[in-house]
Amino acid sequence: MKNYGTKYRPVNARKARTGQRAFFRLAPVFRAWRHEFDVRLSTLQRATADPAIKQLSEPEGIVTVASSGDARAVIDYNAEGHKKRIGNDKTIAEIIYWERPQGGRVFHTGSIATAWGVYHDESMSKLLMNVLHHFGSRPASPPALSR
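Counting in our numbering, the final residue of the sequence shown is number 778, and the numbers go up one at a time with none missing.
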């Protein structure tokens, strides 16, 4: 099986808020994205000159938990075709955590292939299990991790 993904570069959320260097490593997450992936609006704004994107504003409080890079010279968004990237930022997918001011929490993996990654990648499934635990979800019985 061909590996289409790359490793995520982990960022410690607590340290990210203060700008300090991350002090832990997340196990590599391979193949969690393929061809459909998401980045934060602020990341997209750094990669495009499109005035329609530049005028949008990102909500405050979003923390990038991890990101993945790619050397492609184009970006694709809103089904508008490929556009040339500007700048040197090569981020192509981001995992985010957001505590909304109105209430509620968001964890987004930035990839349509997350479900595949949860099944095929033990690190990804453990990550999602930890997120669900953090959100207060508890299994009725201990999960079986063996395949």
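Here a beta-carbon is modelled for each residue, glycine too, at the ideal position from N, C-alpha and C.
Self-check item: 4 or more residues per run - each alpha helix (DSSP H) lying fully within the stretch 735-773
Solution: Correct list: 745-751, 753-765.
Self-check item: Where the alpha helix (DSSP H) through I684 begins and ends
Solution: Counting from 1 along the sequence shown, the entry for residue 684 is found at position 53. 682-685 is the span of the alpha helix (DSSP H), which, as asked, contains I684.
Quiz item: Pick from L763, L672, Q676: whose alpha carbon is nearest that of I717?
Solution: Translated into the one-based positions of the sequence shown, residue 717 becomes position 86. Taking each of L763, L672, Q676 in turn and checking the Cα distance to I717, the smallest one comes out for Q676.
Exercise. Quick one: measure Cβ to Cβ for I727 and I684, integer angstroms, because I've assumed they're closer than 8 Å.
Key: Along the sequence shown, one-based indexing puts residue 727 at 96. Along the sequence shown, one-based indexing puts residue 684 at 53. That pair is no contact at about 18 Å.
Exercise. Please state whether DSSP places S698 in a helix, a strand or coil.
Key: By one-based count along the sequence shown, residue 698 stands at place 67. Judged by DSSP in its simplified three-state form, S698 adopts strand.
Quiz prompt | Three-way DSSP call (helix, strand, coil) for N679 in this model | solution = As a working note, residue 679 is residue 48 in the sequence shown. Per the sequence shown, the amino acid found at residue 679 is Thr instead of Asn. In this structure, T679 counts as coil in the three-state DSSP scheme.
Self-check item: Spatial distance of M760 from D681 (CA atoms)
Solution: Here residue 760 refers to the residue found at position 129 when the sequence shown is read from its first residue. Here residue 681 refers to the residue found at position 50 when the sequence shown is read from its first residue. Distance between the alpha carbons of M760 and D681: 38 Å.
Quiz item: How many angstroms separate the CA atom of S756 from the CA atom of N719?
Solution: Working through the sequence shown from its first residue, we reach residue 756 at position 125. Working through the sequence shown from its first residue, we reach residue 719 at position 88. About 32 Å.
Practice problem: Tell me whether the beta-carbon of I723 lies closer than 8 Å to the beta-carbon of G748. | Solution: Taking the first residue of the sequence shown as 1, we reach residue 723 at position 92. Taking the first residue of the sequence shown as 1, we reach residue 748 at position 117. Not a contact, by the Cβ cut-off of 8 Å.
Quiz prompt | Cβ-Cβ distance between S768 and F668 below 8 Å | solution = If you number the sequence shown from 1, residue 768 lands on position 137. If you number the sequence shown from 1, residue 668 lands on position 37. No, the pair does not count as a contact, with Cβ atoms beyond the cut-off.
Quiz prompt | Bridge partners - I723, DSSP secondary structure assignment | solution = On the sequence shown, residue 723 is found 92 positions in, with the first residue counted as 1. Checking the DSSP bridge columns, you'll see I723 has no partner listed.
Practice problem: Return yes when the Cβ of E753 is within less than 8 Å of the Cβ of T674, no when it is not. | Solution: Taking the first residue of the sequence shown as position 1, residue 674 is located at position 43. Taking the first residue of the sequence shown as position 1, residue 753 is located at position 122. Not in contact: T674 and E753 (Cβ atoms no closer than 8 Å).
Quiz item: For V737, which of Q686, A678, T679, P690 has the nearest alpha-carbon?
Solution: As a working mapping, residue 737 is identified with position 106 in the sequence shown. Comparing Cα positions, the closest option is P690.
Quiz item: With 16 other CB atoms within 10 Å as the buried threshold, where does S698 fall?
Solution: By one-based count along the sequence shown, residue 698 stands at place 67. Burial of S698 is indicated by the presence of at least 16 other C-beta atoms within 10 angstroms of its C-beta.
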